[in-house]
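Below is one structure; the comments refer to it alone.
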Amino acid sequence: MILKSTPQLFLKRCGGLYFLVFVLTGCSQELLVKETRVLMDTYAEISCYSSDRNNAINAIDAAFKETKRIEKVFSKFDEDSEVSKINRLAGLEKVNANEEVLSLIERSIYYSKISDGAFDITVAPLMEIWGFVRKHQSIPDRGAIENTLKSVGYHNIELNLGELSIRFLNRGAKIDLGGIAKGYAADRAKDILVSHGIKNGLVNLGGNIYALGKASGGRSWNIGVQDPRNKGKLLKSFELTNKAISTSGNYERFFEIGGKRYSHIINPVSGEPCQGIISVTVAADSAEEADALSTVIFVLGEEKGINLAKSIKDIEVLILTEEGEIIAYP
Ligand code: ADP
Ligand code: MG
633 MILKSTPQLF LKRCGGLYFL VFVLTGCSQE LLVKETRVLM DTYAEISCYS
683 SDRNNAINAI DAAFKETKRI EKVFSKFDED SEVSKINRLA GLEKVNANEE
733 VLSLIERSIY YSKISDGAFD ITVAPLMEIW GFVRKHQSIP DRGAIENTLK
783 SVGYHNIELN LGELSIRFLN RGAKIDLGGI AKGYAADRAK DILVSHGIKN
833 GLVNLGGNIY ALGKASGGRS WNIGVQDPRN KGKLLKSFEL TNKAISTSGN
883 YERFFEIGGK RYSHIINPVS GEPCQGIISV TVAADSAEEA DALSTVIFVL
933 GEEKGINLAK SIKDIEVLIL TEEGEIIAYP
């Protein structure tokens, strides 16, 4: 995804970290402050417009700290994360976990229900056998897939928000919140900007974007979705104000064996990486919803995906199929 429409009057680099640009927003002169860090296994970029340079720098720093905090809670790579603890113990006994994790699990189950199981955070053991966790991708044999599928299924998650506990009904079950956690983090980072008085800004966590307020000149944020087959071309541009957008694709995280591409989004029914779609972009009210729904529609495919989209309020969808068809809803 790329961002357009930022008339830059001049650009200077400050402290080697922040990019500061003076722009005209409405009548007053404001500063665009922008910083990029590597977080949640991706590039995170946060920018905001403000007439108060120090406040903008502090707001961005606090938003990154919040993202880092969320990464520590949800990481599947960090043994001490809340998610790792659940994965180690919940198959053996009921475990207590913090409310933030349990409520994101609850909202993930909501997406499982509305998608008839296409979205399913219990794909974790499948992610492992396909080598997406340790990045040693290989094609498992059908027997291994069938065997692993026995521990997959969101019905295996027994949640109790009242007593803040979780248990897996299957010993081998594990969860992976990779299809929703970056969207959730983008929303929280945006909330931190707002709590610092920022009215206009953009949070981009590896393609999970929240567009807060307006861009320069009081215009909506213009988010262009790149054509992955031709990076110089745009598939479509979205005009967003206080809205989020997310893209799920098979062109950034995937592996190829024998000329065939295997995406990191797995069909929880077949146990195999999804095929047929190159990318799905969803615009929605929150980055969490856009993130989850882009993964959902990637799994469902264009026909079922668009049907589901029609039943959800205030979303826009853009699908690029492997046949080169571009489908936009509405
Ligand atoms: P990205 O991580 O590139 O932003 P997505 O938001 O589409 O991409 O999420 C893909 C991630 O979601 C995978 O890396 C994995 O962690 C998880 N995942 C894979 N298949 C599913 C699925 N069927 N349901 C829910 N989550 C999934
Ligand atoms: Mg997603």
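Everything in the sequence shown is counted per our numbering, starting at 633 for the first residue and increasing by one.
Note that CB positions come from ideal geometry on N, CA and C, so glycine has one too.
Residue i: CB within 7 Å of a non-hydrogen atom of the ligand ADP
| i | result |
| --- | --- |
| residue 880 | yes |
| residue 733 | no |
| residue 787 | no |
| residue 840 | yes |
| residue 814 | yes |
| residue 810 | yes |
| residue 900 | yes |
| residue 764 | yes |
| residue 923 | yes |
| residue 931 | yes |
| residue 897 | yes |
| residue 738 | no |
| residue 885 | yes |
Coil, strand or helix - residue i by DSSP
| i | result |
| --- | --- |
| residue 887 | strand |
| residue 772 | coil |
| residue 962 | coil |
| residue 701 | helix |
| residue 822 | helix |
| residue 809 | coil |
| residue 659 | Any reading at residue 659 is ruled out, since the residue's pLDDT is 40, under 50, leaving its predicted position unreliable. |
| residue 724 | coil |
| residue 902 | coil |
| residue 847 | coil |
| residue 937 | helix |
| residue 893 | strand |
| residue 924 | helix |
| residue 729 | coil |
| residue 881 | strand |
| residue 947 | coil |
| residue 952 | strand |
| residue 681 | strand |
| residue 673 | coil |
| residue 918 | coil |
| residue 641 | Annotation note: pLDDT 25 at residue 641 (below 50); position unreliable, coordinate value reported separately. Residue 641: coil per DSSP, three-state reduction. |
| residue 692 | helix |
| residue 874 | coil |
Residue i, buried or exposed, once every other Cβ within 10 Å from all chains shown has been counted against 16
| i | result |
| --- | --- |
| residue 793 | exposed |
| residue 657 | Reliability of the predicted coordinates at residue 657 is poor, the pLDDT of 48 falling under 50, and no value is obtained from them. |
| residue 930 | buried |
| residue 659 | Bear in mind that the predicted position of residue 659 carries a pLDDT of just 40, short of 50, making it too unreliable to give a figure here. |
| residue 962 | exposed |
| residue 803 | exposed |
| residue 683 | exposed |
| residue 715 | buried |
| residue 634 | Bear in mind that a pLDDT of 46 at residue 634, under 50, signals an unreliable position, so the model cannot answer this. |
| residue 743 | buried |
| residue 896 | buried |
| residue 889 | exposed |
| residue 832 | buried |
| residue 1020 | Nothing can be reported for residue 1020: it is not among the residues displayed for the chain, which extend from 633 to 962. |
| residue 1044 | What is shown of the chain runs 633 to 962, which leaves residue 1044 out entirely. |
| residue 869 | exposed |
| residue 670 | exposed |
| residue 787 | exposed |
| residue 707 | buried |
| residue 828 | buried |
| residue 819 | buried |
| residue 927 | buried |
| residue 943 | exposed |
Near the ligand MG: residue i beta-carbon under 7 Å from a heavy atom
| i | result |
| --- | --- |
| residue 927 | yes |
| residue 963 | Only positions 633 to 962 of the chain appear in this structure, which leaves residue 963 out of reach. |
| residue 919 | no |
| residue 598 | One cannot answer for residue 598 here, as it falls past the ends of the chain, which runs 633 to 962. |
Closer than 7 Å: residue i CB and nearest the ligand MN heavy atom
| i | result |
| --- | --- |
| residue 755 | What this structure holds is the ligand ADP and the ligand MG, not the ligand MN. |
> Does the segment 900-908 come close enough to the segment 759-778 that 3 or more CB-CB pairs lie under 8 Å?
Replying inline: Proximity of the segment 759-778 to the segment 900-908 meets the contact definition, three or more beta-carbon pairs being nearer than 8 Å.
> If you scan the segment 739-801 from start to end, which runs of the beta strand (DSSP E) of 3 or more residues do you find wholly inside it?
Replying inline: Those beta strand (DSSP E) runs which fall completely within the segment 739-801 and span 3+ residues are 789-792 and 797-800.
> Using 8 Å as the threshold, is the segment 780-792 in touch with the segment 750-761, meaning 3 or more CB pairs across them?
Replying inline: A contact between stretches requires three or more CB pairs, one per stretch, nearer than 8 Å, and the segment 780-792 meets this requirement with the segment 750-761.
> Does the segment 811-822 touch the segment 667-685, meaning 3 or more C-beta pairs lie closer than 8 Å?
Replying inline: A contact is defined here as three or more CB-CB pairs under 8 Å, and the segment 667-685 meets this definition with respect to the segment 811-822.
> Is the segment 693-712 in contact with the segment 858-871, if contact means three or more CB pairs nearer than 8 Å?
Replying inline: Flag = no, the segment 693-712 and the segment 858-871 do not touch.
> When the Cβ atoms of the segment 905-918 are set against those of the segment 719-733, are three or more pairs found closer than 8 Å?
Replying inline: Short answer: they don't touch.
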